[in-house]
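> In numbering that gives the first Met the number 0, the protein residues as written are 0 to 254. Just so you know, even glycine gets a beta-carbon here, dropped at the ideal spot from N, CA and C. Dropping a structure here in structure tokens format, bear with me for questions.
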Amino acid sequence: MIKKYLPLILILVLCVALYLPLYLKVSDLSAPVIRPVPLPEITKPLPVAEPSPHADDIAQISTAVGLDLSRLIQLITRDEGKRRTPYLDKKGKVTIGIGRSLTTNGISVAELLAILPNPDYPLILQETEVKNGRIYISSLEVAEGLFDRPLTEHDIALLLADDLKNTHREAKSVFGETWQEINAARQEAIVDVLFNTGLPHFRTFVKFIEAVKNRNWETAGNELLLSEAARKDPGRYFRNAAVIRTGNRKHFDLQ
């Protein structure tokens, strides 16, 4: 039986042997070529902690005024607190950032444009007082409408740096030539007090100012503690009085 079909079987085997390589070659040409896809290079760095806002600006301002503003910022932030949205302070004045009174000190047009590129101009003109390039706001509702987003760290640093420059200039105007003879620690304590009270109230500290001008530090520290401001914020004023008496920053109790 097998012998009968043996020639046919041989023919089939021969055909397979001849045509199978050709078939495989054609199949390879038509099949899709799969190549490994290279991974894209990561050109964008991974996010890292953002540096302190305006660190370079603060250093430049410190050099310009001859006072370490970074330490003052720590002092004032600790005692004044930091708020990203408008609020009423203990005196009922509209405030924002770190002790920036929008009612008393206002905000310059330049500062406002730096913080809010597209402010509500009709609201400014109708509901605020604009004087000498500054905008004064006495209504919390108006302030909330104007500052329609929380301040960033960048915004807060911008406002505080401007405040400290002005406060330092006011201190120099009060003490005149004596200011340059006061050591840096005492200057920082005085600027902190002046920032807290404002210039008009600070000028009422007549005996304190006289003692500082005479470099009678023990009397100056005692007079500072007799002020109404010291009764309202005793911790802050005890620290500043100790620094003024000794000229030593350690009494600021900064970490």
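1. According to the neighbour-count rule (16 or more other Cβ atoms, all chains shown, within 10 Å of its Cβ), is Asn195 buried or exposed?
2. According to DSSP, simplified to helix, strand and coil, what is Gly197?
3. Evaluate Ser51 with the Cβ neighbour count: other Cβ atoms within 10 Å of its Cβ, from every protein chain shown; 16 or more gives buried, anything less gives exposed.
4. Could you tell me whether the segment 90 to 100 touches the segment 144 to 158, where touching means 3 or more Cβ pairs closer than 8 Å?
5. Is Leu224 near Ala240, with beta carbons less than 8 Å apart?
6. With distances taken from CA atoms, which of Glu143, Leu163, Asn213 is nearest Gly175?
7. Distance cutoff 8 Å, beta carbons only. Does Thr196 sit that close to anything in chain B?
8. Please confirm whether Ala188 and Val242 have their CB atoms less than 8 Å apart.
9. In the structure shown, what three-state DSSP assignment does Val47 receive?
10. Would you report the Cα separation of Leu122 and Gly105, rounded to the nearest angstrom?
11. Can you name, in chain order, every residue of its own chain whose Cβ lies under 8 Å from the Cβ of Glu217, other than the five neighbours on each side?
12. Am I right that Tyr120 and Thr127 are in contact with their C-beta atoms under 8 Å? What's the rounded C-beta distance?
13. In angstroms, rounded to a whole number, what distance separates the CA positions of Leu253 and Gln125?
14. Does the structure place the segment 137 to 144 close enough to the segment 164 to 172 that three or more beta carbon pairs sit under 8 Å?
15. Measure the alpha-carbon distance for Leu115 versus Ile208 and round it to whole angstroms.
16. With 16 as the cutoff for other CB atoms within 10 Å, does Pro149 come out buried or exposed?
17. Within the same chain, show all residues whose beta-carbon is closer than 7 Å to that of Arg238, passing over the 5 residues directly before and after it, in chain order.
18. What number of angstroms, rounded off, separates the C-alpha of Lys206 from the C-alpha of Thr177?
19. Exposed or buried, which one is Ala109 when buried takes at least 16 other CB atoms within 10 Å?
20. Buried or exposed: which applies to Gln179, given that a residue is buried once 16 or more other Cβ atoms fall within 10 Å of its Cβ?
21. To which residues of the same chain is Asp88 closer than 6 Å at the C-beta, ignoring the five residues directly before and after it?
22. According to DSSP, what are the bridge partners of Ser107?
23. Just verifying my parser: in three-state terms, what is the DSSP assignment at Arg70?
24. Who are the near neighbours of Gly246 in its chain, counting only those whose CB is closer than 8 Å to its CB and skipping five residues on each side?
On the basis of the coordinates in this document:
1. For the purposes of this step, residue 195 is taken as residue 196 along the sequence shown, with counting starting at 1. Per the 10 Å Cβ criterion, buried.
2. In the sequence shown, the residue the question calls residue 197 occupies position 198. Reduced to three states, the DSSP call for Gly197 is coil.
3. Looking up residue 51 in the sequence shown gives position 52. Interpretation of Ser51 is limited by its pLDDT of 41, a score under 50 that renders its predicted location unreliable; the figure taken from the coordinates is listed afterwards. Label assigned to Ser51: exposed.
4. Look at the beta carbons and you see the segment 90 to 100 touching the segment 144 to 158: at least three pairs across the two are nearer than 8 Å.
5. Looking up residue 224 in the sequence shown gives position 225. Looking up residue 240 in the sequence shown gives position 241. Cβ atoms of Leu224 and Ala240: closer than 8 Å.
6. Against the sequence shown, residue 175 aligns to sequence position 176. Cα-wise, what sits closest to Gly175 is Asn213.
7. The displayed structure is made up of one protein chain only, and chain B is not part of it.
8. Numbered from its first residue, the sequence shown carries residue 188 at position 189. Numbered from its first residue, the sequence shown carries residue 242 at position 243. Yes; because the gap between Cβ atoms is below 8 Å, this pair is in contact.
9. Within the sequence shown, residue 47 is the residue found at index 48, counting from 1. Confidence in Val47 is poor, its pLDDT being 34 and thus under 50, which makes the residue's placement unreliable; the coordinate value appears in the next sentence. Here Val47 sits in coil by DSSP.
10. One-based indexing of the sequence shown puts residue 122 at position 123. One-based indexing of the sequence shown puts residue 105 at position 106. If I take the Cα positions, the gap works out to 15 Å.
11. Within the sequence shown, the letter at position 218 stands for residue 217. Taken in chain order, the residues that qualify are Arg244.
12. Numbered from its first residue, the sequence shown carries residue 120 at position 121. Numbered from its first residue, the sequence shown carries residue 127 at position 128. That pair is no contact at about 11 Å.
13. Translated into the one-based positions of the sequence shown, residue 253 becomes position 254. Translated into the one-based positions of the sequence shown, residue 125 becomes position 126. About 44 Å.
14. no
15. Taking the first residue of the sequence shown as position 1, residue 115 is located at position 116. Taking the first residue of the sequence shown as position 1, residue 208 is located at position 209. When rounded, the distance between both Cα atoms is 39 Å.
16. On the sequence shown, residue 149 is found 150 positions in, with the first residue counted as 1. Exposed, by the Cβ-count rule.
17. Working through the sequence shown from its first residue, we reach residue 238 at position 239. Excluding residues within five positions, the ones whose Cβ falls inside 7 Å are His250, Phe251, Asp252.
18. The residue labelled residue 206 in the question sits at position 207 within the sequence shown. The residue labelled residue 177 in the question sits at position 178 within the sequence shown. Those two C-alpha atoms are separated by around 15 Å.
19. Walking along the sequence shown from the start, residue 109 turns up at place 110. Answer is exposed; the Cβ neighbour count stays below 16.
20. Translated into positions along the sequence shown, residue 179 becomes position 180. Per the 10 Å Cβ criterion, exposed.
21. Taking the first residue of the sequence shown as position 1, residue 88 is located at position 89. If we look at Asp88 and ignore the five residues flanking it on each side, its Cβ neighbours are Thr94.
22. The residue given as residue 107 occupies position 108 in the sequence shown. Answer is Arg133.
23. The residue given as residue 70 occupies position 71 in the sequence shown. Three-state DSSP puts Arg70 in a helix.
24. Position 247 of the sequence shown, counted from the first residue, corresponds to residue 246. Hits under 8 Å: Asn182, Ala184, Arg185, Trp216.
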